[in-house]
Each structure stands twice: as structure tokens, then as C-alpha cells.
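K.L.:
Going by this note's numbering, the sequence shown opens with residue -17, and the numbers climb by one from there.
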Amino acid sequence: MSKHKHSNESKKAVINRLSRAIGHLESVKKMVEEDVDCSEVLIQLSAVRSAINNTGKVILKEHISHCIVHAIEEGDEEVIQELDNAIDKFIK
């Protein structure tokens, strides 16, 4: 797998998104512990899933626009297969 660097700004943005999703998931756990109505829990789980998917989209866009472009410029075409595999796993 290729080794590449990301800007501190892009890493911080992803980490912030993940922290919010983790906090939201902790809230869902607390809702379950407190026997909150299942419908409300499902709605909150949907919000967590959306936050995770959106974070994945941000990472994917960053990967394509920087990492893939850089790898292709260096002649590393294996990175395309790695991206294809990662997308398949992300979308499952």
C-alpha cells in the first residue's frame, strides 16, 4: 500500500468529523442504556451512519485528488487497483 502524507488541515478536518461521529454514537449508547424509544434510537443511528459515510466521502475525495494523482505522476498504477478494492469495501 502506498505511503503518502496529508496536510495537517485535512487530517484535522477528518479527525473532527470522526470525533463528532464518536460522540454521537456514545449518545446513542446512552439512549439504549436509558431505554429511550427504539424509533428515536434508530433515527440517531441513521445520523451516525450518515456522519460516517460523509467522512468516508471526504477521505475518498482527498485520496483521489491528492494521493492518486501523485501516485500516477510517479508511475504507480497499482494504486488504482488499491483504490478499487477500498471503494468496494467502503460501499459494502
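Glycine residues also receive a C-beta, built at the ideal position from the N, C-alpha and C atoms. Quantities reported herein were computed from a predicted structural model and do not represent experimental measurements.
Going straight from the alpha carbon of residue 13 to that of residue 5, what length do you get?
P.N.:
Here the question's residue 13 lines up with position 31 in the sequence shown. Here the question's residue 5 lines up with position 23 in the sequence shown. Answer to the nearest angstrom: the Cα atoms are 12 Å apart.
K.L.:
Report yes or no: do the stretch 11 to 27 and the stretch 53 to 62 share at least 3 C-beta pairs separated by less than 8 Å?
P.N.:
Output reads no: the stretch 53 to 62 does not touch the stretch 11 to 27.
K.L.:
Take every Cβ of the stretch 56 to 70, pair it with every Cβ of the stretch 27 to 34, and state whether three or more of those distances are shorter than 8 Å.
P.N.:
Too few Cβ pairs lie closer than 8 Å, so no.
K.L.:
Taking all protein chains shown into account, do 16 or more other C-beta atoms lie within 10 angstroms of the C-beta of residue 73, making it buried, or fewer, making it exposed?
P.N.:
Taking the first residue of the sequence shown as position 1, residue 73 is located at position 91. So residue 73 ends up on the exposed side.
K.L.:
Apart from the five residues on each side of it in sequence, which residues of its chain come closer than 8 Å, Cβ to Cβ, to residue 61?
P.N.:
On the sequence shown, residue 61 is found 79 positions in, with the first residue counted as 1. Here the set comprises -16, 49, 50, 53, 54.
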